[in-house]
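Participant:
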Amino acid sequence: MSSHTIKITVNGRPYQGQAEARVTLVDFLRDALDLTGTHVGCEHGVCGACSVLMDDKPIRSCLIYAVMADGHEITTVEGLEKEDGTLSPLQDAFWENHAMQCGYCTPGMLIASHHLLRTNPSPSEAEIREAIGGNLCRCTGYQQIIEAVQMAAKNIGDGA
Amino acid sequence: MDTASKFKFVSKRRRVKEDRRFVTGRGRFAADYKMSGMLHVAMISSPYACAEIKSIKSEAALAVPGVHYVLTGEELAGHINPLLSGLDLPSVKRLPLANGRARYAGEWVAAVVADTRHIAEDAAELVEIDYEMLDFVIDPEEALKSDAPIVHPEKGDNVFFDKKWTWGDVEGDFSRAPRSLKLRARWSRNSTVPIETFAVTANWDDGRSMLDVWASIQMPKYPEQIARALGIPVSSVNVHFDVDVGGSYGLKRGIRQTVIVSYLTRKLRRPVRFIEDRLENMAGGEMHGPDRIFDMEVAYDDEGIMHSLKIKATDDCGCYPGRAPLQLGKPVSAIVGPYRIKSAEYHARSVSTNKTSQEAVRGFGQAPTNFAIETVVDRIAKELGISRAEIRRRNLIKSDEFPWRIPSGSEYDSGDYHTVLAKVMEAANWDALVSKRDKLRERGQLAGLGLSTCLEPSGGNSSFEPLFNPKNDTTTWMESCLIKVDMLGGITAMMGTSTSGQGHETLLAVTIAEVLERDPETIRAIHSSSVTALPSNSPVGSRMAIMLGGAAAGAAKKIRAQLIAIAAHNFQLPADRLTYNGGDVHVENDPDRCLSWHQLVDIAHRRYHDMPIGSEPGLQAQHTWEVPTGGAMPGADGTVQMYPCYAFEAHIPLISIDPGTGLVKILDYFIGHDCGTVINPDIVRGMTFGGIAHGIGAALYEKFQYDDSGQLQAGTFMDYLLPSTHEIPAIEMIKHYTPSPLTEFGQKGSGESGYLGAPAAISSAVNDALAPLGKTIETLPMRARDIEALLNG
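Just so you know, the sequences run in chain order A and B.
Per the working numbering, residue 17 is the first one in the first sequence, and the count goes up by one each step.
Per the working numbering, residue 1355 is the first one in the second sequence, and the count goes up by one each step.
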């Protein structure tokens, strides 16, 4: 199968790699770019573990091919930290609230929540539920995740 | 009672150590490990419910560039030992790949190995397999009929296990009781379905004679099972327990997967990796859960007091009897629930069918049993016209009656069930919920209020092994911890198991900090690899807070004693004249005559001349301990002390049902919860909320449905429905703390909490909603289509 050169910007850094046309974006991120923070759950677009931002919009990286991301900007969980390596208010709130157990869905949850807070800084509980409604977590029952997003919204609002 | 005030670190809110790596995307899961030269595996699955494998032709597949090997079941069977069975069934061989006969649709019959997973999948389509279809059986009750197709012809029938125990005067109690009732409750096949599938990489290093394994594993005796299957020493198997496991809840016991890649890496001399895709996981991973028919009979009186209980549990094990049939065994530990029932009969049957095999699921059979018992209790309430809460109050064991021995021989350690029930009913404002329900009904809606009260046996023990297999005399079920204090005073604690979200690193840090009075943030906890690990039985049976916490505290006490002994030697005083304070040791009532933590550590590591004569240099200690109350074989009558500690929970959900679609909506949810002393409140909250969500899934959505031709119809997340934020409500948790007298800090288990009572509570609520229509449903899951059919059918 033919190989394609893919140039994408991930977390603000330019990357270049080779991939067959059939390679999904998540496999490209994980295997070619060694960005293993994004996880593979169902491979059919339901669980949301592979969520990343493409041009600031949340997408399922298992549902698009890497070649389709050529020339686009991607944000993964590795890009959420501040430049000095400290946690973002959202990451910090996830930690503070123990908004996870096994940590497998966490990158996708963070991406979905990150996008929510950028577009809606003061979401209601219903809006949070809607925003992460396409991300499955089998550990938490979602409650501490919702609490974390609420805390992050407040902390960001307070200038964190 | 709040026990937090007794402790400096235990029970206090504290960030969970593990979480930092997960929020930064730096968890290291099995699929994140890569090795140069690594090969990838794709499985070929049988398309038939039962078929003879006549031939496998691999030439075309092997001709594909990048393909290295096609492994058949026949080859593998010739080079390995069959996998461990929980039962004494020598005629039933469990193998990683089907050999000669495929016994369910989805069973793996060959493995293709290639440079990439894509190539392996391409080549898998080119392997030519000639099958001859055979008769099959899907329904467990059909499987018991004399003319049923036999899943394992060598066995002669489809019965893996069939035994009836009678504890106490069951027939007498039934004949004396003025009332009795029978019902059938059905728990359908579902599972924990972690978001991460099973993944494993193995690498055989011939120079070191070492098989290194990185796997998403949660299983007791995993290295030993690999070694036995391959016929190599356990010391040649090194399982890297520091791999983060992406959810398991009892399930991730991929011994078949592991043996396949281990055989291949030894054969091909390259690292070999297999990551299940979702369909491989759902259809062929052999990771389904209990699938159980309960025929229940209870003897009770006009006051609603239960006198005797008969349970006949027919469990559809699927194809192979790994550890799964033992899931009929654990419920013996709480066979009468939290109730004062004098006698019990338990008839446990494990039946083979042409479905994928069961594996251990959260609660190990207890959640289905609790659902069946609670269904009986609700039915009594309905028959007598007494409230469901009152029926429970009349039957729950009282707090001053502990320890309480149940008919099957297990002694419940402690509890305060009446108080927990009262607290949750008060917090939920039961009467207000009744009004809310009735208002919904007045508006023409179907609405129901649910209640369940049940136990979480915890401290995972192995007593069901000898109970179900007399040739297995395992009574040892230990856990271990090794602590070393380094020369600069840092503390490192080691466990011999992997973690799948339970927060064991935090558990070790907090329990050791409590004993040594050191800051938990300074304590590092690590997962030893199996060759250096002390004995562990992994986080099964809701046991690690009890067992790993206990092992850690035991090792920490030895460290503390060593510090005091060093100080005693240097002060030339007896140890009982010294005071340990935060790691420093001073003379009693004389804080100025003190040796600090760092001075004591320095003596231990560098100044042997200041050490007590004959003492061991350095500062390290290990502790391995047996399950409290464990270590005994079952009695001849099947009575057994199964688990040591019993947590309690009471659930109250309010639901509505859309009369047009049958869709259930959960409006409110309350849980009263008592797992003794809590080590970390956030971890216990999370486990309980997650368990409730899992239980809601089992009650309303999740089912591995097979069709009449034996095909799995729920192999993806489009048709096996996991609950999302839209289905799971906000939950209010009301805590109570009844310490266990058997554990270091009074802790009990909570790893299965929520899940053990939520299905029963949802069922209770659905049936309450249906009651005005005179309808009942006692089969889980109660899917919208099932309820709609009941309403409108």
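All residues carry an ideal CB built from backbone N, CA and C; glycine is no exception.
(1) Suppose the cutoff is 8 Å on Cβ atoms and the five residues either side in sequence are ignored; what does the same chain contact list for B/Thr1470 look like?
(2) Hey, could you find the ends of the beta strand (DSSP E) B/Arg1960 is sitting in?
(3) Determine, using beta-carbon pairs with one atom in the segment 1443-1462 of chain B and one in the segment 1662-1679 of chain B, whether at least three such pairs fall under 8 Å.
(4) Can you list, in chain order, the residues of its chain whose CB lies under 7 Å from that of B/Ala1539, leaving out five sequence neighbours each side?
(5) Please specify which runs of the beta strand (DSSP E), each continuous and at least 3 residues long, are wholly inside the segment 1357-1405 of chain B, giving them in chain order.
(6) If you run the structure through DSSP and keep just helix, strand and coil, what is A/Gln32?
(7) As a quick exercise: from A/Gly57, A/Asp72, A/Leu41, pick the residue whose alpha carbon is nearest that of A/Cys121.
(8) Quick one, are the C-beta atoms of B/Ile2025 and B/Ile2085 less than 8 Å apart?
(9) Let me check understanding here. Comparing Cα to Cα, which of A/Ala142, A/Arg38, A/Gln32 lies closest to A/His88?
(10) Near A/Thr156, which residues of its chain fall below 8 Å by C-beta distance, leaving aside the five closest residues on each side in sequence?
(11) Could you tell me which chain B residues have their CB closer than 9 Å to the CB of A/Cys66, listed as they occur along the chain?
(12) Three-state secondary structure (DSSP) at B/Ile1866?
(13) Mapping DSSP to helix, strand and coil, what is B/Ser1704?
(14) Flag this pair as touching only if the segment 2068-2079 of chain B and the segment 1999-2018 of chain B have three or more C-beta atom pairs under 8 Å; answer yes or no.
(15) Along the chain, where does the beta strand (DSSP E) containing B/Tyr1576 start, and where does it finish?
(16) My understanding is that B/Gly1813 touches B/Val1981, with C-beta atoms under 8 Å, so please give their C-beta distance in whole angstroms.
(17) Can you tell me the Cα-Cα spacing of B/Val1524 and B/Glu1578, whole angstroms?
(18) Of all Cβ atoms in chain B, is any one closer than 8 Å to the Cβ of A/Arg29?
(19) Can you tell which of B/Gly1903, B/Gly1936, B/Thr2079 has the C-alpha that lies nearest to the C-alpha of B/Arg1914?
(20) For the segment 73-85 of chain A against the segment 25-42 of chain A, do three or more pairs of beta-carbon atoms, one drawn from each stretch, fall closer than 8 Å, so that the two count as touching?
(21) Can you find a heavy atom of the ligand SAH that lies under 7 Å from the Cβ of B/Gly1420?
(22) Just checking: is the beta-carbon of B/Arg1632 within a distance shorter than 8 Å of some beta-carbon in chain A?
(23) Name the chain B residues whose beta carbon is nearer than 9 Å to that of A/Phe110?
(24) Interface residues of chain B around A/Leu103 at Cβ under 9 Å?
(25) Given a cut-off of 8 Å on the beta-carbon distance, is the pair B/Asp1713 and B/Glu1634 in contact?
(26) A/Cys78 CB to nearest chain B CB: under 8 Å?
(27) With distances taken Cα to Cα, identify the nearest neighbour of B/Gly1717 among B/Arg1632, B/Ala1553, B/His2048.
(28) Label B/Asp1767 either buried or exposed according to how many other C-beta atoms from any shown protein chain fall within 10 Å of its C-beta, with 16 as the threshold for buried.
(29) For chain B, is any of its Cβ atoms less than 8 Å away from the one on A/Glu97?
(30) Short of 7 Å in beta carbon distance, which residues of its chain neighbour B/Ala1396, apart from the five on each side in sequence? Order them along the chain.
(31) In the segment 2088-2127 of chain B, which residue ranges form an unbroken alpha helix (DSSP H) of at least 4 residues, counting only runs that do not cross its ends?
(32) Spell out a yes or no on whether the segment 1692-1699 of chain B and the segment 1572-1592 of chain B are touching, meaning 3 or more CB-CB pairs, one atom from each, closer than 8 Å.
(33) Please tell me whether B/Met1355 has its Cβ less than 8 Å away from any Cβ of chain A.
(34) What residues from chain A crowd round B/Ile2085, counting only those whose CB sits closer than 9 Å?
(35) Terminal residues of the continuous beta strand (DSSP E) containing B/Met1901?
(36) Give the interface partners of B/Val1730 over in chain A, defined as CB-CB distance under 9 Å, in chain order.
Facilitator: Let's see:
(1) Here residue 1470 of chain B is taken as the residue at index 116 of the second sequence, counted from 1. Contacts found: His1394, Gly1420.
(2) Numbered from 1 along the second sequence, position 606 holds the residue referred to as residue 1960 of chain B. Where B/Arg1960 is concerned, there is no enclosing beta strand (DSSP E), although the alpha helix (DSSP H) it sits in stretches over 1951-1960.
(3) yes
(4) Within the second sequence, residue 1539 of chain B is the residue found at index 185, counting from 1. Cβ neighbours of B/Ala1539 beyond the five flanking positions: Phe1648, Met1650, Phe1725, Ala1726, Thr1729, Glu2132.
(5) 1393-1399
(6) Sequence index remark: in the first sequence, residue 32 of chain A carries index 16 (1-based). DSSP places A/Gln32 in strand when its eight states are reduced to three.
(7) Walking along the first sequence from the start, residue 121 of chain A turns up at place 105. The option with the nearest alpha carbon to A/Cys121 is A/Gly57.
(8) Taking the first residue of the second sequence as position 1, residue 2025 of chain B is located at position 671. Taking the first residue of the second sequence as position 1, residue 2085 of chain B is located at position 731. Cβ atoms of B/Ile2025 and B/Ile2085: closer than 8 Å.
(9) For the purposes of this step, residue 88 of chain A is taken as the residue at position 72 of the first sequence. For the residues A/Ala142, A/Arg38, A/Gln32, the minimum Cα distance to A/His88 belongs to A/Gln32.
(10) Translated into positions along the first sequence, residue 156 of chain A becomes position 140. Cβ neighbours of A/Thr156 beyond the five flanking positions: Ala115, Met116, Gln117.
(11) To locate residue 66 of chain A, count along the first sequence from 1; it is residue 50. Per Cβ cutoff of 9 Å: no residues; A/Cys66 is ~10 Å from chain B at best.
(12) The residue labelled residue 1866 of chain B in the question sits at position 512 within the second sequence. Of the three classes helix, strand and coil, the one that applies to B/Ile1866 here is helix, per DSSP.
(13) By 1-based counting over the second sequence, the position of residue 1704 of chain B is 350. Looking at B/Ser1704 - three-state DSSP - the assignment turns out to be strand.
(14) no
(15) To locate residue 1576 of chain B, count along the second sequence from 1; it is residue 222. Premise fails: B/Tyr1576 lies in the alpha helix (DSSP H), 1576-1584, not in any beta strand (DSSP E).
(16) Sequence index remark: in the second sequence, residue 1813 of chain B carries index 459 (1-based). Sequence index remark: in the second sequence, residue 1981 of chain B carries index 627 (1-based). Contact flag correct, Cβ pair sits at about 6 Å.
(17) If you number the second sequence from 1, residue 1524 of chain B lands on position 170. If you number the second sequence from 1, residue 1578 of chain B lands on position 224. Roughly 42 Å between the two C-alpha positions.
(18) By 1-based counting over the first sequence, the position of residue 29 of chain A is 13. By this cut-off, A/Arg29 is not an interface position.
(19) Numbered from its first residue, the second sequence carries residue 1914 of chain B at position 560. The shortest C-alpha separation from B/Arg1914 is found at B/Gly1936.
(20) yes
(21) This structure lacks the ligand SAH; in fact it carries no ligand of any kind.
(22) By one-based count along the second sequence, residue 1632 of chain B stands at place 278. Closer than 8 Å to some Cβ of chain A, the Cβ of B/Arg1632 qualifies, so yes.
(23) Taking the first sequence and counting its residues from 1, one reaches residue 110 of chain A at position 94. Under the 9 Å cutoff, chain B gives Asp1373, Phe1376, Val1377.
(24) Locating residue 103 of chain A in the first sequence gives position 87, counting from the first residue. Those are Arg1374, Val1377, Thr1378, listed as they occur along chain B.
(25) As a working note, residue 1713 of chain B is residue 359 in the second sequence. As a working note, residue 1634 of chain B is residue 280 in the second sequence. The question names Asp, but residue 1713 of chain B is Glu in the sequence shown. Result no, Cβ atoms of B/Glu1713 and B/Glu1634 do not sit closer than 8 Å.
(26) Position 62 of the first sequence holds residue 78 of chain A. Against chain B, the CB of A/Cys78 has no partner CB under 8 Å away; the residue lies outside that interface.
(27) Residue mapping note: residue 1717 of chain B aligns to position 363 of the second sequence, counting from 1. Among B/Arg1632, B/Ala1553, B/His2048, the Cα nearest to that of B/Gly1717 is on B/His2048.
(28) Start at 1 with the first residue of the second sequence, and residue 1767 of chain B comes out as number 413. Looking at its Cβ environment, which holds 16 or more other Cβ atoms inside 10 Å, B/Asp1767 is buried.
(29) Against the first sequence, residue 97 of chain A aligns to sequence position 81. For A/Glu97, the answer is yes, since a Cβ of chain B falls inside 8 Å of its Cβ.
(30) Within the second sequence, residue 1396 of chain B is the residue found at index 42, counting from 1. These residues qualify, in order along the chain: Val1466, Arg1471, Ala1474, Glu1475, Ala1478.
(31) 2112-2124
(32) Between the segment 1692-1699 of chain B and the segment 1572-1592 of chain B there are fewer than three inter-stretch CB-CB distances shorter than 8 Å, so the stretches are not counted as touching.
(33) Residue numbering aside, residue 1355 of chain B sits at position 1 when the second sequence is read from its first letter. With a pLDDT of 48 at B/Met1355, under the threshold of 50, the predicted position of this residue should be treated as unreliable, though the coordinate-derived value follows. Chain A, which has no Cβ nearer than 8 Å to the Cβ of B/Met1355, makes this no.
(34) For the purposes of this step, residue 2085 of chain B is taken as the residue at position 731 of the second sequence. By Cβ distance, chain A contributes Gly157, Gln159.
(35) Residue numbering aside, residue 1901 of chain B sits at position 547 when the second sequence is read from its first letter. First-last for B/Met1901: 1898-1925, but that is the alpha helix (DSSP H), not the beta strand (DSSP E).
(36) In the second sequence, counting from the first residue as 1, residue 1730 of chain B sits at position 376. Residues of chain A passing the Cβ test: none, with the nearest at roughly 27 Å.
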